[in-house]
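Chains as they are written, first to last, in the numbering used here: chain A, 17 to 310; chain B, 17 to 310.
First up is the structure itself, then whatever we jot down about it.
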DNA sequence: CATACACATTCCCAATTGGAATACCAATAA
DNA sequence: TTATTGGTATTCCAATTGGGAATGTGTATG
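So, in structure tokens, the structure goes:
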């Protein structure tokens, strides 16, 4: 027996004052109504209705219970409705995790635009260069360079960055600036350990196995090591542009078709995805898509 | 599927973080737990848990739903408990209907004593000489002279009043004061229409069919008509004592064994009778019992 | 007194439920 | 990589439950 149904039935009957009328209104047999109320009364341990041969009326306990149930049904229904609306409306809080450079340099504008378009959503960005656990840290969407599939996660590719290769002025002064990418083997390379394999770089679609002097899963760390003159590293240009501008880093292999680094929006796989998540991912994807065309 | 059970299950799981642990704790199979939650999620239309291979965690919707459910389940449980307690404790409001004379002259003291003994009960007395409908007027206990069984009512006899016969001084002056009850046939009689039959009076256990000049279902009305000199009437002594004292009425047939008028406490028949009702009726019955012995 | 009306109960069949076993999936260990 | 483990989902079947129709019971009504 569904207690909820019984309680709704109880409400109806209290309103209509009759089992039969309620049964008709709800298209069920009168016997079923009688049985359900009997079950409810029995499971509660007190009587809800006085029965006379002509009508039913609430007992004093029934009256008080009715009041409480009324509130119960109303509140729970409202909550269920609201939560269900999240599946079709962009409302609620959206928690995003993104690497620091990407967050500050690529995410600010689309987030602003998204919020302006969807004023009922609120966004919280957690800047974190480590790979967060979406479940433990309660994150809706993580932006990642690697499409490493965690348990039950889904990923949507947002963009492909052509990589920019760079080293510090000091390093190039000491080791000479390479003219062609084919000289790569003569240089120390700083690699991203999450690339697989990390020590294989592509130029003009050709594989080059490089001398891996240092590797890390942290882009920031890689950039820092390059600035310190450890060797040649590769990262998306937006991540190091400011260092190039300040002459802390110098770009090399400018005129070669390089390997690209994809960025993904990773999110939990659930049967009913809150619409704010779907909407934000789609918005981001189309934002970067249109940006690429410019 | 009982939504209530499912919600309680949902609470448990949220607390324990595991379907299996919950199943063990509640002595049910893990499959059943899985099915119930699946049913609940499906009927709600949104996902409550993220499932990973090692544990389950609440979705954002799940978290909000949990909070709401927690609060509401708690409230309804408390209400159910409180209402159930009314079956074993003397608490709540007790609505009593009683005829005016009986209320003021016989009920005041036992009610005071009952309240002193049971401070958590509150009593409301509705004074009404007409026969009220316990269902329509929302009365718990009605005090009545007649054991007229209404629909589904129960009755407990509280006491037997020996009747007192009386007439106005004027009436007796005009018609002569009867010496013996055997003269009753010569007098006009005022009868209580709810007695059955109303025109048969008993003296020393003998039947006398009387001349019924007026009858009413209202004791007050009967007393008034007697005062106005219409004839001889019969009522419990406590009802007319004050008129006798003021010489508005004079008692007759003092030394005969007379018919008695029973008084009943009438109450609704319900499966689980709130204890305050049972307690008050029992208290009244034993009060009048002990009074009789004095 | 017969009738009508309303709730309770019974009987029976279809639908649902729950348990046990199994499938499945991901994290961990080897 | 592979095997193992710890967890949820699914499947299958027996048992229970639930609902409808008919019937029973009790009470107003005319």
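Ideal placement from N, C-alpha and C gives every residue a C-beta, glycine not left out.
All figures in this text were calculated on a predicted structure; none of them were measured in a lab.
To the nearest angstrom, how far is the alpha carbon of residue 246(B) from that of residue 131(B)?
Cα to Cα, the separation comes out at about 41 Å.
Looking only at its chain, what residues have a beta carbon closer than 6 Å to the beta carbon of residue 230(A), apart from the 5 residues adjacent to it on each side?
So the qualifying residues of the chain are 206, 241, 246.
Give the single residue among 110(B), 221(B), 144(B), 156(B) whose Cα lies nearest to the Cα of residue 3(B).
Outside the displayed range of chain B (17 to 310) lies residue 3(B), so it cannot be described from this structure.
Does the beta carbon of residue 99(A) come closer than 8 Å to any beta carbon on chain B?
Chain B, which has a Cβ nearer than 8 Å to the Cβ of residue 99(A), makes this yes.
Could you name the residues that DSSP lists as bridge partners for residue 225(A)?
Looking at the DSSP assignment, residue 225(A) forms a beta bridge with 216(A).
Excluding the 5 residues preceding and the 5 following residue 71(B) in the sequence, name in chain order all residues of the same chain whose CB lies nearer than 7 Å to its CB.
Cβ neighbours of residue 71(B) beyond the five flanking positions: 33, 34.
For residue 287(A), go through chain B and note every residue whose CB falls closer than 8 Å to its CB, in chain order.
In chain order: 57, 63.
If you run the structure through DSSP and keep just helix, strand and coil, what is residue 293(B)?
Note: residue 293(B) maps to helix in three-state DSSP.
Since residue 180(A) and residue 272(A) should fall inside the 8 Å C-beta cutoff, what is the C-beta to C-beta distance between them, to a whole number of angstroms?
No, residue 180(A) and residue 272(A) are not in contact; Cβ-Cβ is about 11 Å, not under 8 Å.
Does any C-beta atom of chain B lie closer than 8 Å to the C-beta of residue 44(A)?
Chain B, which has no Cβ nearer than 8 Å to the Cβ of residue 44(A), makes this no.
Could you tell me if residue 202(B) is buried or exposed, where buried requires 16 or more neighbouring beta carbons within 10 angstroms of its beta carbon?
Counting Cβ neighbours within 10 Å, residue 202(B) comes out exposed, since fewer than 16 surround it.
Within 8 Å, do at least three Cβ pairs link the region 288-305 of chain A to the region 142-162 of chain A?
Yes, they touch.
Measure the alpha-carbon distance for residue 104(A) versus residue 217(A) and round it to whole angstroms.
Roughly 43 Å between the two C-alpha positions.
Please list, in chain order, the chain A residues whose beta carbon lies closer than 8 Å to that of residue 60(B).
Those are 96, 99, 100, listed as they occur along chain A.
With distance defined between alpha-carbon atoms, name the residue in 62(B), 200(B), 263(B), 82(B) nearest to residue 225(B).
The residue with the shortest Cα to Cα distance from residue 225(B) is 200(B).
Going straight from the alpha carbon of residue 119(B) to that of residue 174(B), what length do you get?
Whole-angstrom Cα-Cα distance: 14 Å.
Throw me the rounded Cβ distance for the residue 23(B) and residue 85(B) pair, which I believe falls under 8 Å.
At roughly 5 Å, the Cβ-Cβ gap stays under 8 Å, so residue 23(B) and residue 85(B) are in contact.
If you follow the alpha helix (DSSP H) that residue 194(B) is part of, which residue opens it and which one closes it?
Careful: residue 194(B) lies outside any alpha helix (DSSP H) and carries neither H nor E.
Taking 8 Å as the threshold (beta carbon to beta carbon), is residue 88(A) in contact with chain B?
Yes, contact with chain B.
Checking the sheet assignment: what are the DSSP bridge partners for residue 278(A)?
176(A).
List the residues of chain A that residue 284(B) touches, going by C-beta distances under 7 Å, in chain order.
Those within 7 Å of residue 284(B) in chain A are 66.
So what's residue 211(B) in DSSP terms, helix, strand or just coil?
In this structure, residue 211(B) counts as coil in the three-state DSSP scheme.
From the DSSP output, which residues share a beta bridge with residue 65(B)?
Residue 65(B) is bridged to 74(B).
Classify residue 134(A) as buried or exposed, calling it buried when 16 or more other Cβ atoms lie within 10 Å of its own Cβ.
Under this definition residue 134(A) is a buried residue.
Does residue 19(A) come within less than 8 Å of chain B when only Cβ atoms are used?
Interface residue, yes.
Hey, residue 36(B) and residue 25(B) are a contact pair by Cβ (cut 8 Å); roughly how many whole angstroms apart?
About 13 Å; that fails the 8 Å criterion.
Would you say residue 96(A) and residue 290(A) are within 8 Å of each other, going by their C-beta atoms?
No, these two residues do not count as a Cβ contact at 8 Å.
Hey, could you find the ends of the beta strand (DSSP E) residue 110(B) is sitting in?
It spans 108-114 - the beta strand (DSSP E) in which residue 110(B) sits, taken as one unbroken run.
Check residue 155(A) in the structure and name its three-state DSSP category.
If DSSP states are grouped into helix, strand and coil, residue 155(A) belongs with coil.
For residue 343(A) and residue 46(A), I'd like the C-alpha separation in whole angstroms.
Residue 343(A) is absent from the model: chain A starts at 17 and stops at 310.
In the structure shown, what three-state DSSP assignment does residue 170(A) receive?
Reduced to three states, the DSSP call for residue 170(A) is strand.
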